[in-house]
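Enquirer: Just passing along the structure, written as structure tokens.
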Amino acid sequence: AMFSKQLLKIVVADPNQVNKYLSKLELSESIKGLVAEIRKELANTGGSGSSDDTSAILKLIEMIISQSIKMRGSDIHIEPTENNCVVRTRIDGMLAEIFIFDKDIYPPLVSRLKLLSNMDIAERRKPQDGRFSMKISGREYDFRISTLPIINGESTVMRILDKSKVIISLEKLGMHPDSFKKFNNAMNAPYGIILVTGPTGSGKSTTLYAALNDIKSIDTKVITVEDPVEYQVNLIQQVHVNEKAGLTFASALRSILRQDPDIIMIGEIRDQETLRIAIQAALTGHLVFSTLHTNDAVSAIPRIVDMGIEAYLISGALIAVEAQRLVRKLCPHCKQPTNLPKSMLDQLKEYLPEKYSFFKAVGCDQCGQTGYMGREMI
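In structure tokens, the structure reads:
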């Protein structure tokens, strides 16, 4: 104020919030530099962009992916709006913004992603699916990519799959002890169907992988049919569905039954034909694992009936249904003790142990100022 002769306005800010916005500003400057490079490349190549491995558009893709992984993201959403392009990542079930850049960068970005995924770069009127691999910070990642035509262009979503991720045991997933005991008993049955239900993104595939990892052995043959194969597991034969080549869940299952399997895992039951073959497999001495999209365990049975399966077949084949959700966990680095209102305590008292504590979300650098880190199955 002494030197500028201006009135200073003093404000108080959380240091963590200041650091967060400084980091965001640095990323923004990096993006601006890459966008300028991309525009220069587009001008030099007549709008087609560079196709080499050092192109600015590839650097942008790597930056988007690296930032999402750094933020512990599971999916990347690249969405064109009327005037720009928004990049978001899903962290612990919630979407968070990473970047915003001008819309003219979006077409070459999507074209390069399609090229990486062996998709048709000229096709913009139909949804497409693809897959590619990339090494980020010395680790191998697989990316499942999906494009969908929308009014402003194409919505692009990438699922991040860490190839080095260790499949944990079923016991460590956080399942309630009573539920774990029942599920484990079902897993040891000689035959039957075990279904894991829940909405998209509720950890069903993780539960199935953990279950198979626990029961696989040298004296049993385990075969899976998945779309796509998310993680490769030793001692398990995994089949990747390819509908373009005529390899559907149903056709793959028929072939699998001729491979003398003991245990079969079906990534998802989508139609009556697949379900009927799965039930026949269970009734002929095979243990079958699969997933179904229902809101709870009880709804699985009417859903199966709705798909045209007779009640007597269900009672003979179905041995267990497990429904699950994923809930966010408080960040262990910044959570703080708190008290609940008496009205809420009265509602919870019959479920509380003798000694208990409550904590609240705060936010720090470790959790990206969200107050949450990771999720747990319930």
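The opening residue of the sequence shown carries number 181 in our numbering; numbering runs sequentially from there. Cβ atoms here follow ideal geometry from the backbone N, Cα and C, with glycine treated the same way.
1. How about Ile646 and Gly253: do their beta carbons lie closer than 9 Å?
2. Tell me, to the nearest whole angstrom, how far the beta carbon of Leu578 is from that of Asp442; I am working on the premise that it is less than 8 Å.
3. Exposed or buried, which one is Asp399 when buried takes at least 16 other CB atoms within 10 Å?
4. Return the residue from the list Ile374, Gly426, Pro379 and Ala216 that minimises the CA-CA distance to Ile388.
5. What residue from Glu262, Glu453, Gln546 and Asp476 has the CA that sits closest to Ile330's CA?
6. Can you give, in chain order, each stretch of the beta strand (DSSP E) that sits fully within the segment 449–510 and has at least 3 residues?
7. Using the three-state DSSP reduction, which class does Ser431 fall into: helix, strand or coil?
8. Whose CA, out of Phe429, Ala477 and Asn475, lies closest to the CA of Arg456?
9. Rounded to the nearest angstrom, what separates Gln412 and Gln247 at their Cα positions?
10. Note down the Cα distance separating Asn298 from Ile499, rounded to an integer number of angstroms.
11. Who pairs with Ala391 in a beta bridge, going by DSSP?
12. The alpha helix (DSSP H) spanning Ala366 covers which residue range?
13. What residue range is occupied by the uninterrupted beta strand (DSSP E) comprising Asp440?
14. Is Phe469 closer than 9 Å to Ala369 when the C-beta atoms are compared?
15. Helix, strand or coil: how does DSSP classify Arg305 here?
16. Buried or exposed: where does Thr336 fall if 16 or more other Cβ atoms within 10 Å of its Cβ makes it buried?
17. Could you check the C-alpha separation between Leu350 and Ala302 for me, to the nearest Å?
18. Whose C-alpha, out of Val409, Asn475, Ile459 and Val542, is nearest the C-alpha of Arg311?
19. Contact check, Tyr286 vs Pro260 under 8 Å by CB: the rounded distance?
20. CB-CB under 8 Å to Leu433, same chain, minus the five flanking residues each way: which ones, in chain order?
21. Quick test of the definition: if touching needs 3 or more C-beta pairs under 8 Å, does the segment 266–281 touch the segment 312–320?
22. Leaving out the 5 sequence neighbours to the left and right, which residues in its chain are closer than 8 Å to Gln546 when beta-carbon positions are compared?
23. Here's a check: name, in chain order, each residue in its chain whose Cβ is nearer than 7 Å to the Cβ of Leu463, leaving out the five neighbours to either side.
24. Measuring only the C-alpha atoms, how far is Arg505 from Lys189?
25. Between Leu295, Pro357, Val290 and Val346, which lies nearest to Leu328 when the distance is taken from Cα to Cα?
26. Just to confirm, are Ile449 and Leu472 a CB contact at a threshold of 9 Å?
27. If you check the beta carbons only, do Val266 and Leu240 fall under 9 Å apart?
28. Between the alpha carbons of Ile558 and Thr377, how many angstroms are there, rounded?
29. Pull up the distance between the alpha-carbon of Ala503 and that of Phe363, whole angstroms please.
30. Taking the Cβ atom as the reference point for each residue, do Asp342 and Arg324 lie within a distance shorter than 9 Å?
31. Tell me, please, which residues DSSP counts as bridged to Thr336.
32. In this structure, what does DSSP give as the bridge partners for Glu141?
33. Check each candidate in Ile211, Glu534 and Asp394 and name the one with the smallest Cα separation from Asn365.
34. Leaving aside the five residues before and after Ile348 along the sequence, list all residues of the same chain whose C-beta is less than 7 Å from its C-beta, in chain order.
35. Starting from Pro287, trace the alpha helix (DSSP H) both ways and give me its first and last residue.
36. Considering only C-alpha positions, which residue in the set Gln516, Leu532 and Val478 is nearest to Ala541?
Expert: On the basis of the data shown:
1. Because the chain in this structure spans residues 181 to 558, residue 646 falls outside the shown range and cannot be described.
2. With the chain covering only 181 through 558, there is no way to say anything about residue 578.
3. The residue labelled residue 399 in the question sits at position 219 within the sequence shown. By the 10 Å Cβ count, Asp399 comes out exposed.
4. The count along the sequence shown starts at 1 and reaches residue 388 at position 208. According to the sequence shown, residue 388 is Leu rather than Ile. Per the Cα distances, Ile374.
5. By one-based count along the sequence shown, residue 330 stands at place 150. Looking at the Cα atoms, Glu262 is the closest of the given residues.
6. 467–472, 498–503 and 506–510
7. Here residue 431 is taken as the residue at index 251 of the sequence shown, counted from 1. Ser431 falls in the helix class under three-state DSSP.
8. As a position in the sequence shown, residue 456 is number 276, starting the count at 1. Taking Arg456 as reference, the option from Phe429, Ala477 and Asn475 with the minimal CA-CA separation is Phe429.
9. Locating residue 412 in the sequence shown gives position 232, where the first residue counts as 1. Locating residue 247 in the sequence shown gives position 67, where the first residue counts as 1. Looking at the two C-alpha atoms, the distance is approximately 25 Å.
10. Taking the sequence shown and counting its residues from 1, one reaches residue 298 at position 118. Taking the sequence shown and counting its residues from 1, one reaches residue 499 at position 319. Between the alpha carbons of Asn298 and Ile499 lies a gap of roughly 41 Å.
11. Taking the first residue of the sequence shown as 1, we reach residue 391 at position 211. In the DSSP output, where bridge partners are listed per residue, Ala391 has none listed.
12. Position 186 of the sequence shown, counted from the first residue, corresponds to residue 366. Per DSSP, Ala366 belongs to the alpha helix (DSSP H) from Pro357 to Met367.
13. Here residue 440 refers to the residue found at position 260 of the sequence shown. It is not in any beta strand (DSSP E) - Asp440 carries neither H nor E in the DSSP assignment.
14. For the purposes of this step, residue 369 is taken as the residue at position 189 of the sequence shown. For the purposes of this step, residue 469 is taken as the residue at position 289 of the sequence shown. No, they are not a contact pair.
15. Residue mapping note: residue 305 aligns to position 125 of the sequence shown, counting from 1. DSSP places Arg305 in coil when its eight states are reduced to three.
16. Taking the first residue of the sequence shown as 1, we reach residue 336 at position 156. When all chains shown are included, Thr336 counts as buried.
17. Within the sequence shown, residue 350 is the residue found at index 170, counting from 1. Within the sequence shown, residue 302 is the residue found at index 122, counting from 1. In a straight line, the C-alpha of Leu350 is about 44 Å away from that of Ala302.
18. Residue 311 sits at position 131 when you count from the first residue of the sequence shown. Of the listed residues, the one whose Cα sits closest to Arg311 is Val409.
19. Locating residue 286 in the sequence shown gives position 106, counting from the first residue. Locating residue 260 in the sequence shown gives position 80, counting from the first residue. At roughly 5 Å, the Cβ-Cβ gap stays under 8 Å, so Tyr286 and Pro260 are in contact.
20. As a first step, residue 433 is located in the sequence shown; it is residue number 253 there, counting from the start. If we look at Leu433 and ignore the five residues flanking it on each side, its Cβ neighbours are Val405, Ile444, Ile446, Thr454, Ile457, Ala458 and Ala461.
21. no
22. In the sequence shown, residue 546 corresponds to position 366, counting from 1. Here the set comprises Cys511, His513, Cys514 and Met553.
23. Translated into positions along the sequence shown, residue 463 becomes position 283. Excluding sequence neighbours, Leu463 sits near Gly496 and Ala497.
24. Residue mapping note: residue 505 aligns to position 325 of the sequence shown, counting from 1. Residue mapping note: residue 189 aligns to position 9 of the sequence shown, counting from 1. Using only the alpha carbons, I get a separation of about 48 Å.
25. Along the sequence shown, read from residue 1 onward, the residue named residue 328 stands at position 148. Comparing Cα positions, the closest option is Val290.
26. Locating residue 449 in the sequence shown gives position 269, where the first residue counts as 1. Locating residue 472 in the sequence shown gives position 292, where the first residue counts as 1. Cβ distance < 9 Å, so Ile449 and Leu472 count as in contact.
27. Indexing the sequence shown from 1 puts residue 266 at position 86. Indexing the sequence shown from 1 puts residue 240 at position 60. Not in contact: Val266 and Leu240 (Cβ atoms no closer than 9 Å).
28. Residue 558 sits at position 378 when you count from the first residue of the sequence shown. Residue 377 sits at position 197 when you count from the first residue of the sequence shown. Between Ile558 and Thr377, the C-alpha separation is close to 12 Å.
29. Position 323 of the sequence shown, counted from the first residue, corresponds to residue 503. Position 183 of the sequence shown, counted from the first residue, corresponds to residue 363. Those two C-alpha atoms are separated by around 11 Å.
30. Sequence index remark: in the sequence shown, residue 342 carries index 162 (1-based). Sequence index remark: in the sequence shown, residue 324 carries index 144 (1-based). Their beta carbons are not under 9 Å apart, which means Asp342 does not touch Arg324 by this criterion.
31. Stepping through the sequence shown from its first residue, residue 336 is reached at position 156. DSSP, once it has assigned bridges, lists Ile258 and Thr327 as partnering Thr336.
32. One cannot answer for residue 141 here, as it falls past the ends of the chain, which runs 181 to 558.
33. The residue given as residue 365 occupies position 185 in the sequence shown. Out of Ile211, Glu534 and Asp394, Asp394 has the C-alpha closest to the C-alpha of Asn365.
34. Residue numbering aside, residue 348 sits at position 168 when the sequence shown is read from its first letter. For Ile348, where only same-chain residues beyond five positions count, the Cβ hits under 7 Å are Ala390.
35. Numbered from its first residue, the sequence shown carries residue 287 at position 107. Start and end: Tyr286 to Leu296.
36. As a first step, residue 541 is located in the sequence shown; it is residue number 361 there, counting from the start. It is Gln516 whose Cα lies nearest to the Cα of Ala541.
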